[in-house]
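Each remark here refers to the structure printed beneath this line.
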Amino acid sequence: MTELDQLAVVAGATTGDFAPFDPKASIPLATDLSGGPGYSRILADAAQSLHARLRQDKELCTAIGQPVVVHGKTRGDVRDLSRIKRDQIIPAMKALLHSLAHVASAPAIQSNGSIRRQSCVAIPLDRGAFGKGQVYDDLSHSAFRGLVLALVQVGWLQMVPAHYDASSGRRSRTRVRPTTPFLDWMVLHGLVFPYHPKGIQKAKAQAEGELLQVSRRRADGRKVKQILARPLNTDEQILPDLNKALMKQRLSCPMTSYSQYEALCDFKEGRPRFLLGGQKNVYRVFSEEDGRAGRLYGHWVQGLPKEYRRQLTINGKPTAELDYGGMQMALLYARQGKPMPDTEDLYAVPGYRRDDMKAVLVRSVGTATRSKALSALRQMLREAGGFRKGRDVELYDAFWGFHGGMSPHQGGNEAAWAELQAVDSRLALCVLGSLLDQGVTAIPIHDSFVVEERHADLTGEVMKREFTSMFPGASVTVKAC
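Here the sequence shown is numbered in the UniProt record's numbering, starting from 1 and rising by one per residue.
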């Protein structure tokens, strides 16, 4: 029986009477409120905002003097927060907000070789923890207790009261957990973010000598990056100026709810699945040797899933992401000097699922031969539970029959991905350079570009023009992601 269940029995209630959570998944109320640059201001502003909100809450004002009942017992009365001195209530709010935001920011952490969940803050409500010489000597007991009870009253905190376990002789502190409205409020006020409270490491300028790198696979299978010591070629010469411009951008990925933030957490690894800040420089990475592949990497926005990139702002302004439609197929047609089919969707092969057709393309350009592509397709189909004998051949022939003469396996060359990436990376450099000449700084996401929304039309025109310049007579579609 969990601690929460035991408390329910004592109170004469069933365990379904209140939301279940593990009271042991807690941290103590923080005494150190330090953080990265700007965090102190964010925390102070949030405390002021919460103070104003609670003082103006009509239901809370109506409840002043009434008992706050938790698990069948009165835990105190609702205080009139307007009568508590600001120099007492604001520090209490900052301490509580900081601690709650910390568990919200890291709902799962690595601890002693295992993953530990965090959801609660253990708080002192008795006078013994406050006052001169005590752990929380800089906080007012009356103000802190009044704040906690007010938040419980408005439904922003769930509470498991302190209790004594006679069997172990241990007394546990009161634990509180923020409810969904409070979690959403903290997200909107910028209190919840990865690596709380320090935040993501500030971006540093990339040394010019590190702009070109080669990724090589070692004998043990691991990949290592090595600096490529050669002068920048004509297309690459925009990289230093591009990085200077990228470093000047103020980027933000605001979220509107805690569920959005929680989705970025990897609960199996105890860390974020991706970052909301970091390096803003880009560098070119070749595969195994100079000239092979060569896409741009390094910018933290490249690691954001598409649904989060839609929320990105540059210098406080909304953004747009422009993408080449069916880029790999467009390049396959262009290198053959043939026009693209007159269709909006290159994967719309009659009688077949779009996802299956796209899977054929991905596995075809990533393998050197038809047989290897079919093997990769069979593996995909087995993992998806949709494999039957001959299905791989059927899908392969359907797609490349629809796009006659475009199969990358016809020439018997190595996997086409390296050649295609070499082309799309050169194209990306041309687009970035042309935009930079016109005062527009774009963040490259391989064959798409993120710009301020007001520059979307210009970016689309430049993307089409540079493609036609590289492949005279060919055309390509550009769409907003």
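Each residue gets a CB set at the ideal place from its N, CA and C atoms; glycine is no exception.
* Asked: Quick check: the segment 172 to 190 against the segment 119 to 133, are there 3 or more CB pairs under 8 Å?
  -> yes
* For the putative contact between Ala150 and Leu60, defined by C-beta atoms under 8 Å, what is the C-beta separation to the nearest angstrom? -> Ala150 to Leu60, Cβ: 6 Å. Contact.
* Name the one or two DSSP bridge partners that Ile109 has. => Under DSSP, Ile109 takes part in a beta bridge, and its partners are Arg116.
* **Own chain partners of Arg127 with C-beta closer than 7 Å, once the 5 adjacent residues on each side are dropped** => His141
* Find out if the Cβ-Cβ distance for the pair Val224, Arg230 is shorter than 8 Å. => no
* **Beta-carbon proximity list for Asp356, same chain, < 7 Å, skipping 5 on both sides** => Leu395
* Going by DSSP, which residues form a beta bridge with Thr74? -> Val69
* **Under the three-state DSSP convention, the category Pro272 falls into** => strand
* Asked: Roughly how far, in whole angstroms, is the beta-carbon of Val423 from the beta-carbon of Leu331, given that I think they are within contact range, below 8 Å?
  -> 5 Å
* Check whether the segment 268 to 278 touches the segment 198 to 209, taking contact to mean three or more Cβ pairs, one atom from each stretch, closer than 8 Å. => yes
* To do: Report yes or no: do the segment 257 to 274 and the segment 453 to 473 share at least 3 C-beta pairs separated by less than 8 Å?
  => The answer is no - the segment 453 to 473 does not touch the segment 257 to 274, with fewer than three Cβ pairs under 8 Å.
* Please report the Cβ distance between Val192 and Ser105, rounded to the nearest whole angstrom; I am assuming they are in contact, meaning their Cβ atoms lie under 8 Å. => At roughly 5 Å, the Cβ-Cβ gap stays under 8 Å, so Val192 and Ser105 are in contact.
* CA-CA distance, Gly65 and Ile109? -> 40 Å
* **Boundaries of the beta strand (DSSP E) in which Ser49 is found, first to last residue** => First-last for Ser49: Tyr39 to Gln56, but that is the alpha helix (DSSP H), not the beta strand (DSSP E).
* State yes or no: is the C-beta of Leu322 within less than 8 Å of the C-beta of Thr459? => For Leu322 and Thr459, yes; Cβs fall inside 8 Å.
* Looking at the structure shown, is Glu3 part of a helix, part of a strand, or coil, going by DSSP? -> At Glu3, the pLDDT of 40 sits below 50, so the modelled position is not reliable; the number obtained from the coordinates is stated separately. Helix at Glu3.
* **Burial state of Arg250 (16 or more Cβ within 10 Å)** => exposed
* Considering Gln336, what are the terminal residues of the beta strand (DSSP E) in which it resides? -> Run containing Gln336: none; DSSP gives neither H nor E here.
* To do: On the DSSP bridge assignment, give the partners of Arg284 in chain order.
  => DSSP output for Arg284 lists Leu212 and Leu296 as bridge partner(s).
* Asked: Arg378: which of Asp392, Ser371 and Lys372 sits nearest, CA to CA?
  -> It is Asp392.
* Asked: DSSP puts Pro28 in a beta bridge; with which residues?
  -> Under DSSP, Pro28 forms a beta bridge with Ala122.
* Considering Val450, what are the terminal residues of the beta strand (DSSP E) in which it resides? -> It spans Ser448 to Glu452 - the beta strand (DSSP E) in which Val450 sits, taken as one unbroken run.
* According to DSSP, residues forming a beta bridge with Lys223 -> Arg217
* To do: Buried or exposed for Val214, please, with buried defined as at least 16 other CB atoms from any protein chain shown within 10 angstroms of its CB.
  => buried
* To do: Please classify Lys479: does DSSP put it in a helix, a strand, or coil?
  => The three-state secondary structure of Lys479, taken from DSSP, is strand.
* Counting only runs of 3+ residues fully inside the segment 173 to 205, write out the beta strand (DSSP E) ranges in chain order. => 174 to 178
* Does the distance from the CB of Ala95 to the CB of Leu139 come in under 8 Å? -> If you check the CB distance, Ala95 and Leu139 come in under 8 Å.
* CA-to-CA distance, Ala398 to Arg353, given in whole angstroms -> 11 Å
* Asked: If you count every other CB in all the chains shown that lies within 10 Å of the CB of Gly113, and 16 or more means buried, which is it?
  -> exposed
* Is it right to say Lys479 is buried, meaning 16 or more other beta carbons lie within 10 angstroms of its own, or is it exposed? -> Around the C-beta of Lys479, fewer than 16 other C-beta atoms lie within 10 Å, and the residue is accordingly described as exposed.
* Thinking Asp447 and Ala428 are a contact (beta carbons under 8 Å), I'd like their distance in whole angstroms, please. => 7 Å
* Distance, Tyr195 Cα to Gly433 Cα -> 35 Å
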